Structures are given as C-alpha cells and as structure tokens.
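Numbering of the sequence shown is given in the numbering used here, commencing with residue 19 and proceeding in unit increments.
Just so you know, even glycine gets a beta-carbon here, dropped at the ideal spot from N, CA and C.
These numbers come from a predicted model, not from an experiment.
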Amino acid sequence: MTRAKEKSLRLTAAALESLAGVSPIPLTPLVVVGKAILAATEKALQNTDNCHKLAIRVAELVTALINETAGRPITPQLQWQIDALLQTLESIHAFIQKQQSRSFARRLWSSNPDNELIQDLNAQLDQALDVFNLKANIIVRQQLETIIKALEDPAPQQHHPRSSSFGSSSGFSKISSASSLPSEPNIFFGRDELKEQLLKVLVDSEAPSRVAILGPGGVGKTSLALVALHSNASKETFGDRRYFVRCDAANTSQQLLSAIATELNLGGNDLLAQIVESFQLEEQRALLMLDNFESPWDTPDRRPVEEVLNQLASLKNLVLVVTLRGSERPGGPQWTRPFLPPLKPLDPISAKLMFEAISDAQTDDSDVGRLLSHLDNLPLAINLMATLAQYESPSVLLERWDSEHTQMLTTDGEDRLGSLETSINVSLEASRMRQDPQAKTLLGIMAYLPDGVSSLKHLHGLAPSLTQVGRAASTLKQVALAFSDERCHLAVLAPIRSFIRARHPPPRACLLDVRKYYGELATVAAGLEAGADGLAALRLLMPEVGNMQATLNDALSEEESIPTEEMIQAAVNSTDLFRYSGLGDATTLENAAAAARRLGNTSLEARCLQHLGQLFYSRSDPTAALLTFTNAMQLYEGLGDKSGHGRCLMMLGMLDSGTGQYQESASKILRAQELFKEGGDELGLADCYLRFAQAAAWDHDYDVAQTNVEKALEIYTSHSHLRAQARCQAELKHAAQTYHDVGDPTGEGNCQRILGKLYFAHHQLGAAEDCLAKAIDNYQRVKWKFGLADCQEALGDVHQAQYADEAARVAFHEALQIFRELNNRRQQAYCLGRLFDVALGMQDFVEAQALCDELGEMAKGNDDRARHACVAARLALATGKTNVDGSLQDALATLPNDAVFQKDRALCLETLGDALSQRDAEAGLVRFTEAKDLYGEANDLRSVGRVLLKMCRMPETTVQIRRERASAALEAFQAAHDEKGCAECRSLLEE
C-alpha cells in the first residue's frame, strides 16, 4: 500500500476518534468497528485498493450517521437498523483481516470469490445508505475531509460535527472546480493529432459536444482527456467551469450521481435534479468529464446509468466527455460526429520517446526496442517498465520479462494505473465477460496468435469447439481485450497475450485444435515449390506466417515433453512459405531439428537441417548455411541417403559459386549429380543440369547452357514442376509472369534482373531502370542479398550512363556494402572501380585517391594489379601527372587478349592515348583508334563516342576529319540513346 493511502487511513481513524466523544451511545460500537476496519486495512497485503475504498466508505457512512442522528431519539426501529449495519461492518472487518496473510495459490484460486464478496459488501453499504436516507448526503464526505485537514494542520477555529447546516444543501454554494482538477500529465507523446481533433470538437462546435474516448485499458484515455482539459483552449472557453469526475468507484447510477455531486459540492435529496439545476444556472458552457465510465455503465442493467447520461446530455450549455474501456459508446446521448476513433497503442517513435523521458535510458539500445515490442507500445505498460528502467538496465529487464512477464509491471499500489495485471483484470471482470463464457476461452486461444486472425472464417477453423465464436469475438472487442483493424478481424495486444497465457490459458483441447489448423496450412505450404496455384496459396498463407511460426514453436518447445512427428514435419513443410514470402525466421526449423533429436529420429533431423540450410541460403547467410548443410550432409551420409546427401552437396557448391570459387562449385555439383543418379532422384538431377546451365551462361557458353536447360526442362515437365519449368524458360517475360502466378518473388526477381541487364546492353536505359527496380522490390521481400547487390550494381551502371552521378554513387555504394557482407571480392572490386569513375568525373580527387588505394589493397592476382595500374594512371593524369606510360604498357601486357577483358584493355588504351596525345599526337591517335575498335567489339557505343570526341579535339586535325569523326561519334551516341553526347557532337558539327 502506498504511503499516501496509509496516511489517509491514519488521519481518517483520528477523525473517527474525534467523533466518538459526541456520538450517541448506540453509535459507539459503529465507531469502534470503523476504527478497527481502518487499522486492519493498513496491514492488508492483498486487495489493498478495494480494502482502502471499503474502509473510507465505512468512515463516511459512520460520520453521516452520527450527524443525522444528532439530537434524535433512538427508536426501536432505528436501533434494529444500527444493529444490522454493525453486522455489515463486522463482515467488512473480517474480510479485510483475511487480506493480511494469504498464499499465492490461495489468492490465485480465490480471486473471483473475493471480487464477488467485495461487490456484495459494497451493495450492503449502499443498502445502509438507503435505510438511513443518507444516499444523497455527500456533504458528510466534505465534513470528514475538513476534520482530517484540521487534524493534519490544526487551525485556530474548531470544527464540530453538529455545526449548523451539516447535511443540508442550502448552506453550500458551488466552488471553482478548476482548482481541484487532477494535474496535467507531464509526459505525453504520440497523441497530438487526436488532441487537436478532440479540442476542435469540444471548443469549436456550435452545439455542445458529447464525446466518448474509447480504447483498451492502459492506452492513455485519461491522459488524453486531462491534456485537453488543461489546454489553453479549454481554459479560455470554460474557465473554472471544468469538472473531472472519477467513476471507477461508482458501481450504480446512485453512486455515479454521488461522485458528480461531490465534485460540484452538492448534497441532500434528489441529486440528479440538483446536478441538472446546477448546470442550468451556469450562464456559460461548462465541461464535464466522466473518467472510467465503464464502472457504473458495464452492469447487467445499464438503463439507470444511461438515463443519467441522457439527462446530462440534454443540457444545452454542458459539454460532456466520457472515457471508458471498450469499443462501444453508451446509449442515450447523440454522440458528436465524426466520432473520435478508439485509441490505439503508441507509434514506435512515440513509445521510445516516452520510455526515454521516464527512464532516461538510451532508446538506441537494441534491448529497449525488444522491451517495447513485448509491450506492444501500450502506454501504461511503457510507464511501468520505464519506471523499472530507472534503476535496472534494459538487458536485466529483458531477462526478468522472460520469467515474470506482466507480473513485473506493477508499482506499490494495486489500482488499475499501478498494475498492468489489475488493469487487465478490470476488463476480464466486466459484466459482458461474465455473461459470455466462450469469450474468455477465445481470449485464451488468441493469446497464442501474435498476428491476430484475418477473418471470421479463420476464427471458425481455429476454434471449432466454440459454438458462438462470432459473439465471443464481439464481446472481447466491446471490453477492449481485443481489437480489429484494416489488417485483421481480431487481435490481442502483446502484454495482454502474455498475461492471459500465464494466468488464463485455454483448455488443452482448444490448443490442440489450433495446432491441427496450422499443421494443415503447413501442408498447403509444402506445395508451393511445385508451383500449382502458388500465388493463390501464397496470398492465403502469408497473413498466417507469424501465427503459424508461433504455434509450431510452442508445439516444438522443450516444455512439450513429447513433441509429435506431425508438428516437426509441419515445420519442414513451412520452409518454402518462409522462403518465398520473406517472412518468418529460422527458429521454427531450429526447434524442429532439436525436437527430432530428442525423439531420436535422425532422418527427420537431417531433413530439418537441410531445409534450415535452404532458408539460410535464401536469406543470404552463407556462414550459417555452410554449417547447417554440412551437418545435414553428415547425417544423410550416416543414413546412406544419397538423395539427401546430394542435395546438401549441391547447395554447398552453390555457396562456393557465391564467393567466386567456381571450380570448387563445379566439382561439388558434379559429385551431387552422381549421387542423384545413384539415388534415383530425377528432380535433383534436373537441378544439377540447371546449375550447369547457369554457370555456362555466366561464361557466355550459350550452347552448353542451352543443352543443360533442355535436359532439366524435360525432367521438370514430366514431374509437372511449374516453378522449375519457369527457371528453364528462355523467354524471360513469360517466365517472369509464370513466377508471379506461382507466387515466387525470387524467380520473378531473377527474370526482371536479367531483363534489366539485357535492356542496358541494348541501351534502353529507361526500361532497364524499371526492370531493375521491380527486381529489387522482389528481392527485398525475400531478403536475398546477392540479388539485391547485383541489381544495385546494374542500377549504378544505368545511372552512370544517364549522367546521374550522385544516384550512381548511391547505388554502387549500396551494392558494395552487400558484397562486403557476402565476402564477394570480385564484385567488390567492380563497385569500387565504378565509384572511382564517379568520383573522378565529379573531380573529387580525395575520394578518388581513397578508392584507388582500396583497389590496390584488394588486388591479389595479375589481372587485378593490371586494372589497378590503369585506375592509378587515370588519377595521375587528372591531377596533372604525365609519367604513366610504363605502367599502362605493363598492364596491357598483363591483361589477356580475350573477350572477358576487352573493356579493360580498351580503357588502358584510351588512358594511354590521353597520356601520349599531350606530347605525341600521332602515337596518341593510334592508341585512341585501338581503344575505339575494342569498345565497338564490346558493344560499348557510349565509350566509342567518347573516344571519337577526344580524337576530334586532337591538334592538327583538319576540319573535314573533325566533321567525319564528330559524325561517327553522333551515330554512336544516338545508338546508345546518349542525348548529352549527341548534343556535344552537334555543337562540333555546327562550328
């Protein structure tokens, strides 16, 4: 219990002590028991919030009774009523005493009976108020507070409980409410747009507004209301006529009226009439906010409370705001449109700002991001967790969360703002939940589904045992334990899911239904590789990836003493869904492999590891893929499984190819081919043919490539393997559409990437850019890094041809970073060379020198050193140095004279021409001519045009020869669609 509450109890006890001396003799036992209740409440260990409320209510009731009976004779009937009240107080005392020592187990089993008893005790106090005609005597609360204040800070004037108008409304006038408003929240993030929308409705509307602020518990409804209440716009519009009434202790319409009357300093009989009259007497508008309105409203009979609300809403000068958990507005008032949307958790940035403001922790700490993901950015949970982070590190809090979950999110108090679990329990105990038992079962099921459920149809499939699942879903949304949005039909926030799983899990049979449902979906996912109805299946399954993975992980966890082979196979079946959607992670297959190991099923373990390796490969994690395929291959070898052995060996060959080890790759794939033949695995054999075709295409040996493609295509066709057939199709546009139809982003991306490069080779730069952009989108979906890097590199070439130097620099830099991650040195060197070209073109010689040095450090073989010599010579010429002939001649002697090195040799010759032309025009012209011819053989028309322009500017060139060369350059630039080059040629021709 908080110190503030302990202090209030002691002061209230002292106030009762001061009343004991003036109370009529028959009331003395009530004072004695009242004091005993207050003393016992101080020692309560459980239900402290409810105990405190009961104790204060008892003190108020006894105070009112002493005042009302002052000077009145004690009749037999009154004595009987006092005796009945004494029994009620003794019951309350006995209940509170029991809260002083309770075990966790007993608290867990008796929480619902306690709640029912608390409700019953409150009802008995309400009945006592009725019996003694004290229901409207709210001024006694003020009198009790006056006595407490006098005891806390004694003043010269003494107060006496029998003084004048005590108990009468005539002697009191309304005081300014603004002075007693709760303070404005100091920390408030992420609701600025909602705040402005709310203020616009409250302040600017011609007719008085009626607004309901809805949302789940702990989402910040009260904070939003208080920020609006304290805003300058509210102060200017309503002044002191701003009232804020907490309704969480009001369980009936009469208690609601009492709470409002207390805020207005009213008392006596017929409170509703007095409240209405009080507001009608106001000349200007007033603002009344009723906070936690679900307490009086969410009862089996709501009509009396809605009637009170309707009466208030009928007042023409009263602006009315209610906050309540749930998604349903109370009946009665005509709520102002457009409705304020129900509050949702904070956006990630605002959540981090809130956490940092409370905890002073650095939000760039990855542990903070993980903490907030567990909390689903729910403000109350963030507040409680950030308070803990003031003295414990985020990493420690993460460790605590793994074992304690929502239990750790509590302060000293047990009220709904001091404990997340208390806040959730308030919603669980709502009357709607008690009236719909299936809602709690459905909530238990939803606690295992992090992504929610996308449709009612899925909900029926997940919970076949629930006969009224639609009604149960509506109930959960009404009490804000679940929500729906444009993405899903029903979902539950992370901290609520964690609490429900720990405290209110669903029956085991319901959990098995969920596992069966996702096992069946995994079987559908297993057909994705063959390609039949792939796109439709992918669209069906993608929204279920998160739930499928969570369900399978639960079923395969170590807590499941005997995992089933069906769930392990379901994990294997889900691999292609993870690969082609780009969603999910490796944990499911890792758990499946561990579960198979616990079962002693080596074959199933090897299959899990093989599929895990495929997932790592598709996610561009070659290190993990290498280790996993190696482990799987060893298991397959021990089992004598040639097909499994061959598939792992083939993938190890693919990993070698990705790092430029082409001979090692070919050797492994050849061995895999032999194993497939021995094992009778035709599809594996076809995969090998396709890999050989791809390798041959890289080496420009298209005849060999075509032969292998035809062999692979024949096998794939005989097995109706549409996806693999698409891999073999020569017509890339048709193949891309086929891949799209079967839901294979990787295959579609590969086609778009190759098309983009073909368009670039044919100088169709716009089409090339479009295709490469589409390929990048597909690769990003599946997180295939090599494809992304290759596309970015090609996109850099396109931008460079468009003279978009900055865009080219960005693209080459992106490609370089990924190739570094993949340890692909060949492509790293290419990107560094292109970045050097950009820097040199922009005359950024410092950057060019740094890139030149890095290329020199990477140069290992003679070819690399020759290329670096050319780069260094170009930089030297650009910075005024001319002695580069020797290094360029050495480079030309080193570079092989074949098609692969044509452009490298041409660039060396062009650079040598630049150097020679400054002192020997004829020698320079010879080198330029040789460079031009090599560029032409390589179909690099842009470079052909560039060299011809250099030849135009050589000294002692006649006008006729200059015009001939300019015309030839213009023709080359036109063929390359290079408008800038064309313009330069036309300018020369016009001279």
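Contact annotation: A520 and H392 have beta-carbon atoms that are not nearer than 8 Å. CA-CA distance, W315 to E439, rounds to 22 Å.
With 16 or more other Cβ atoms from the protein chains shown falling within 10 Å of its own Cβ, Q632 counts as buried. By the criterion of a C-beta distance shorter than 6 Å, S961 is surrounded in its chain by Y953, once the five residues flanking it on both sides are discounted. Partner residues in a beta bridge of V510, as assigned by DSSP, do not exist. When A573, A610, E78 are compared, the shortest CA-CA separation from L147 is found for E78.
R937 carries a coil assignment under DSSP once its states are collapsed to helix, strand and coil. For the pair L289 and R228, the Cα-to-Cα distance works out to about 22 Å.
Across the structure, G236 and G344 are spaced so that their CA atoms are roughly 11 Å apart. Counting the other Cβ atoms within 10 Å of the Cβ of I293 gives 16 or more, which makes it buried. If you look at R260, you'll find it in the beta strand (DSSP E) that goes 260-264.
In the three-state scheme derived from DSSP, where H, G and I count as helix and E and B as strand, D674 is classed as helix. Beta-bridge pairing by DSSP links R827 to no other residue. Your pair L416 and L389 checks out as a contact, with CB atoms roughly 6 Å apart and the cut at 8 Å.
If only complete runs of 4 or more residues are kept, the region 620-649 shows the alpha helix (DSSP H) at 620-636, in order along the chain. Looking only at E974, G600, F991, E955, the smallest Cα-Cα distance to L966 is reached by F991. The region 353-372 and the region 307-321 do not touch, with fewer than three beta-carbon pairs separated by less than 8 Å.
Under the 10 Å beta carbon count, V864 is surrounded by fewer than 16 other beta carbons and is classified as exposed.
Within the same chain, and ignoring the five residues on either side of S683 in sequence, the residues whose Cβ sits closer than 6 Å to its Cβ are G671, D674, S675. When rounded, the separation of the alpha-carbon atoms in T46 and L104 is 10 Å. 8 Å or more divides the Cβ of G658 from the Cβ of D699. The residue from I514, D309, A490 with its alpha-carbon nearest to that of L398 is I514. In this structure, DSSP gives L913 a state outside helix and strand, which the three-state scheme calls coil. The C-alpha of Y466 is placed about 20 Å away from the C-alpha of R489. Boundaries of the beta strand (DSSP E) around M307: 304-309.
Following the DSSP letters along the chain, one finds G233 inside the beta strand (DSSP E) bounded by residues 228-233. Remark: C-beta atoms of L274 and V326 approach each other more closely than 8 Å. Residue pairing by DSSP puts F501 in a beta bridge opposite A509. Checking the DSSP bridge columns, you'll see R343 partnered with G233. Residue state for L336 is assigned as strand, using DSSP reduced to three classes.
Taking the C-beta atoms as reference points, L559 is found nearer than 8 Å to L539.
In the DSSP assignment, W315 falls within the alpha helix (DSSP H) that extends over 312-315.
Listed as beta-bridge partners of V471 by DSSP are L508. Straight through space, the alpha carbons of K458 and S223 are spaced by roughly 41 Å. The C-beta distance from R209 to F256 rounds to 21 Å, too long to meet the 8 Å contact threshold.
One Cα belongs to V918, the other to R615, and the distance between them is close to 50 Å.
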